[in-house]
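Just so you know, the protein sequences line up as chains A and B, in that order.
Residue numbering for the first sequence follows our numbering, starting at 3 and increasing by one per position.
Residue numbering for the second sequence follows our numbering, starting at 3 and increasing by one per position.
Step one of this worksheet: look at the structure below.
Number of protein chains: 2
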Amino acid sequence: MSEETAQRRGRGRRPAAEVRAAVLAAAGRILLEDGMQAVTFDRVAMEAGSSKTTLYKWWSSPGVLAAEAYFAQSRRVLEFPDTGDVRADLITQLKAFVRWLKEEGAEKPVSELLGAAQLDASLARAWSESYALPRRELARERLRVAVRQGQLREDADLDIIVDQLWGACYHRLLVLRVPFDESLAERLVDQALYGSAKHGR
Amino acid sequence: MSEETAQRRGRGRRPAAEVRAAVLAAAGRILLEDGMQAVTFDRVAMEAGSSKTTLYKWWSSPGVLAAEAYFAQSRRVLEFPDTGDVRADLITQLKAFVRWLKEEGAEKPVSELLGAAQLDASLARAWSESYALPRRELARERLRVAVRQGQLREDADLDIIVDQLWGACYHRLLVLRVPFDESLAERLVDQALYGSAKHGR
Chain A
3 MSEETAQRRG RGRRPAAEVR AAVLAAAGRI LLEDGMQAVT FDRVAMEAGS SKTTLYKWWS
63 SPGVLAAEAY FAQSRRVLEF PDTGDVRADL ITQLKAFVRW LKEEGAEKPV SELLGAAQLD
123 ASLARAWSES YALPRRELAR ERLRVAVRQG QLREDADLDI IVDQLWGACY HRLLVLRVPF
183 DESLAERLVD QALYGSAKHG R
Chain B
3 MSEETAQRRG RGRRPAAEVR AAVLAAAGRI LLEDGMQAVT FDRVAMEAGS SKTTLYKWWS
63 SPGVLAAEAY FAQSRRVLEF PDTGDVRADL ITQLKAFVRW LKEEGAEKPV SELLGAAQLD
123 ASLARAWSES YALPRRELAR ERLRVAVRQG QLREDADLDI IVDQLWGACY HRLLVLRVPF
183 DESLAERLVD QALYGSAKHG R
């Protein structure tokens, strides 16, 4: 426990929101540095200066805490920009996503989290609710703007665009297990926007 | 051991190819009926009428055997048709893939296999080499025909089409964990072929 944490404790309880943020920050840091197995309630409690009882109260398992911490960490780096040009903004966001996976250490923990989620229903639910579905909603919001601005077709299925862009990266990461880099972003976006058929419908 | 198997053994060794086929069939049947944990060398050897020694010699782990058996099972049901109309053929194949996942019992074992693969490098390699990359090559072959016939653009990235179709299904299955059904197939194919942008490039 750091001196600062000890002093703070001496002055009484920290507000719950502050403890929660400290726990998520510690869990996220441990997850990205040392992987999912390292995210234990013992280590997170120690590094966040919180009690293990608190962790047990708020999270049903270390995996569930790790999923929520992953969303909190990624939120900082995976913003959806809005410059008014949906093609440019999707490329920017996808490049940030690929860098997050490939250069900023997220590839291993996200693979581990998603792997464990296939064998653990409560972790699967936490992943969907804490990360995957909220991120899809952020993407939809940006895409709806593009529909309103006449850049995407009114009848475009926005969820399919999400599958075609971020889903494509997960496909290469988890299913095919082939390398990819930022240069994939522009090709994915162009093929999703303009299609692969030689002629229109 | 069945009487027939016992008799056959009495007559001496079966040819290796025959044993291999029997082992893959038994492992695939167990995988689809009872899930990945049920695929043990003990049970597969018993049901295939082969020796455990043979299994240890040919497969480094039951998971690796399960991955190869999964490919053998799916091959029967996931053919790539070629009627000359790539849109219709992709929809047919994707519908068969969704039925295979959702109605023919593959969803659970494929999720378990891919989940375990994220935490086990040798299983990951077996999955890629035995299933994912060979299936991608089968898809590419069909797509190359469509390029030659002028149905797909010469500069279309065929691997991206694979990501946009089958990768989209895996995204919903493993990452978002949302339900989907056969009706997704046509929408996926149309959006991949014709794009989501309101105007061309």
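We put the CB at the ideal spot given by N, CA and C, even for glycine.
Keep in mind it's a predicted model, so treat the numbers as computed, not measured.
Outcome for residue i when other beta-carbon atoms lying within 10 angstroms are tallied against a minimum of 16
i	result
Tyr58/B	exposed
His173/B	buried
Ala8/B	Confidence at Ala8/B is low in this model, with a pLDDT of 46, below 50, so its placement is unreliable and the value that follows should be read with caution. By the neighbour-count rule (16 or more Cβ atoms within 10 Å), Ala8/B is not buried but exposed.
Pro64/B	buried
Gln75/A	buried
Ser62/A	exposed
Arg137/B	buried
Leu116/B	buried
Gly197/A	buried
Glu5/B	With a pLDDT of 44 at Glu5/B, under the threshold of 50, the predicted position of this residue should be treated as unreliable, and no value is reported.
Asp183/A	exposed
Ala134/B	buried
Ala128/B	buried
Ala123/B	exposed
Ala71/B	buried
CB of residue i within 7 angstroms of CB of residue j, strictly
i	j	result
Lys200/A	Gly86/B	no
Ala28/B	Val46/B	yes
Leu96/B	Ala19/B	no
Val191/A	Leu92/A	yes
Ser52/B	Val88/B	no
Gln193/B	Ile162/A	yes
Ser130/A	Arg179/B	yes
Ala108/A	Leu80/A	no
Asp165/A	Ala170/B	yes
Paired residues, beta bridge with residue i - DSSP
i	result
Leu154/A	Ala199/B
8 angstroms Cβ shell around residue i - same chain, five flanking residues per side excluded
i	result
Gly37/B	Lys110, Pro111 and Glu114
Ser185/A	none
Arg22/B	Trp60
Asp44/A	Lys54
Leu34/B	Gln75, Glu106, Gly107, Ala108 and Pro111
Val149/A	Arg155, Glu156, Ala158 and Leu160
Thr42/A	Pro64
Thr56/A	Val21, Val25 and Ala47
Gln39/A	Glu114
Val100/A	Cys171, Phe182, Asp183, Glu184, Leu186 and Ala187
Arg189/B	none
Nonlocal neighbours in the same chain, by C-beta distance under 6 angstroms from residue i, ignoring five residues either side
i	result
Ala126/B	Ala119
Leu160/A	Arg142 and Leu145
Leu67/A	Ala29 and Trp61
Phe82/A	Gln95, Leu140 and Arg144
Glu49/A	Ala28
Leu121/A	none
Pro181/B	none
Trp168/B	none
Ala175/A	What sits at residue 175/A in the sequence shown is Leu, not Ala. Nothing listed; no residue qualifies.
Same chain only: Cβ atoms within 7 angstroms of residue i, ignoring 5 sequence neighbours per side
i	result
Val147/B	Asp84
Trp102/A	Ser76, Val79, Leu80 and Ala108
Leu195/A	Arg89
Lys104/A	Asp183
Phe73/B	Ser132, Tyr133 and Pro136
What are the complete alpha helix (DSSP H) segments, minimum 4 residues, inside the stretch 22-83 of chain A?
Positions of the alpha helix (DSSP H) runs, each at least 4 residues long and wholly inside the stretch 22-83 of chain A, are given as 43-50, 54-60 and 64-79 in order along the chain.
Just to confirm the assignment: which complete alpha helix (DSSP H) runs, minimum length 4, are found wholly within the stretch 138-186 of chain B?
Whole alpha helix (DSSP H) segments, 4+ residues: 160-164.
Where in the stretch 111-136 of chain A do unbroken runs of the alpha helix (DSSP H), each at least 4 residues long, occur, reported from the N-terminal end onward?
123-129, all fully within the stretch 111-136 of chain A.
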